[in-house]
Structures are given as structure tokens and as C-alpha cells.
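J.: Here the sequence shown is numbered in my numbering, starting from 1 and rising by one per residue.
Have a look at this one before I ask anything.
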Amino acid sequence: MAALDPERRAATVERTAREPRGTFLVAESGGEVVGFVHYGAPSEYPAVAERELSALYVRASWYGTGLAQALLEAVLIPGKSCSLWVFEQNPRARAFYSKYGFVPDGTARAERFATTTEIRMVRPAVECRS
1 MAALDPERRA
11 ATVERTAREP
21 RGTFLVAESG
31 GEVVGFVHYG
41 APSEYPAVAE
51 RELSALYVRA
61 SWYGTGLAQA
71 LLEAVLIPGK
81 SCSLWVFEQN
91 PRARAFYSKY
101 GFVPDGTARA
111 ERFATTTEIR
121 MVRPAVECRS
């Protein structure tokens, strides 16, 4: 996280808010934003999945409450695949996504806002069990 450029990242978030593509879900508590998720159609061509998770954030004070799980589950649709990019050096996030069936597909790239590497994780389409 120390490698992130806050000014560049803030400009991107502002641009995204002005020209939204995809869906934002926001979690609030007491009038304060405590987490959010952003997802939508794949941003890459050819697409490796039917849906792309582009951001999931939960305030540290909400870790372990189930909020991240609830936000992720709002994105995942039975029968549809999903992809995401995660910092290669973020074992906590990688482990979290692995619990929901995401696996690295061997693709890596330089992160656009920091001097670090991201890897792509993909969750195949999973059917509902009755």
C-alpha cells in the first residue's frame, strides 16, 4: 500500500464517479462509509470471465465482521465466472479470494498506480447446489 500514489488514485476514483461503468455497492454504518465493492463487465479483451471485480475495500476496523464476505457475495452470481486483479504481495487478500474459488491464472502486470505487480485470479462459473 505504501507504493500507491494517493493523488493519482483519487483522480481515478473521481473520474470513475463522474463516468460510472459497472456497479458500486456501498456499506454504511452510522452515516459513515465502511466498505464498498465495484464490479461490472470485463475490462479486457478477450475476456477471461463474464464479470470483473475491480475493487473491494473494507475499513480495517470492520475486518472479521463478515462485511467483505457480504460485499463479495453480492458480486458473485451462480453460473457466472468472475475475474479480479490483486497485488501479488498481498497474501491476506489472495487467501480471502481463494476461499471463494478464485485461483491465479498465471497472468501478471505492473499495477497502474504503484510500483508493484498484480496477478489475475479467476473464479470459474459455479452452479448453485440445492
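Every residue gets a Cβ at the ideal spot worked out from N, C-alpha and C, and that includes glycine.
Since we're looking at a predicted model, the values are computed, not measured.
1. Pairing CB atoms from the segment 65 to 84 with CB atoms from the segment 36 to 51, are three or more of them under 8 Å?
2. In whole angstroms, what is the alpha-carbon distance linking A110 and V86?
3. I'd like the span of the alpha helix (DSSP H) that includes F96, first residue to last.
4. Starting from the C-beta of V58, find all residues in its chain whose C-beta is less than 6 Å away, skip the five residues before and the five after it, and write them out in chain order.
5. For V37, is the classification buried or exposed, using 16 other Cβ atoms within 10 angstroms of its Cβ as the cut-off for buried?
6. Can you tell me the Cα-Cα spacing of Q70 and F102, whole angstroms?
7. V103 lies in the beta strand (DSSP E); which residues open and close that run?
8. Going by DSSP, which residues form a beta bridge with L56?
9. Look up S29 in the DSSP assignment and give the residues it is bridged to.
10. Between the alpha carbons of F113 and A95, how many angstroms are there, rounded?
T.: From the atom records:
1. The segment 65 to 84 makes contact with the segment 36 to 51; the number of CB pairs closer than 8 Å reaches 3 or more.
2. Along the sequence shown, read from residue 1 onward, the residue named residue 110 stands at position 110. Along the sequence shown, read from residue 1 onward, the residue named residue 86 stands at position 86. In this model, A110 and V86 are separated by some 11 Å (Cα to Cα).
3. Reading the sequence shown from its first residue, position 96 is the one you call residue 96. In the DSSP assignment, F96 falls within the alpha helix (DSSP H) that extends over 91 to 99.
4. In the sequence shown, counting from the first residue as 1, residue 58 sits at position 58. Cβ within range, chain order: G35, L67, A68.
5. In the sequence shown, the residue the question calls residue 37 occupies position 37. By the beta-carbon neighbour count (other beta carbons within 10 angstroms, threshold 16), V37 is buried.
6. What you label residue 70 is simply residue 70 of the sequence shown in a count that begins at 1. What you label residue 102 is simply residue 102 of the sequence shown in a count that begins at 1. First, the residue type needs correcting, since residue 70 is Ala and not Gln in the sequence shown. Between A70 and F102, the C-alpha separation is close to 16 Å.
7. Here residue 103 corresponds to residue number 103 of the sequence shown, with the count starting at 1. Note, V103: beta strand (DSSP E), 103 to 110.
8. Here residue 56 is taken as the residue at index 56 of the sequence shown, counted from 1. Within the DSSP secondary-structure output, L56 pairs in a beta bridge with V37.
9. As a position in the sequence shown, residue 29 is number 29, starting the count at 1. Answer is E32.
10. By 1-based counting over the sequence shown, the position of residue 113 is 113. By 1-based counting over the sequence shown, the position of residue 95 is 95. About 23 Å.
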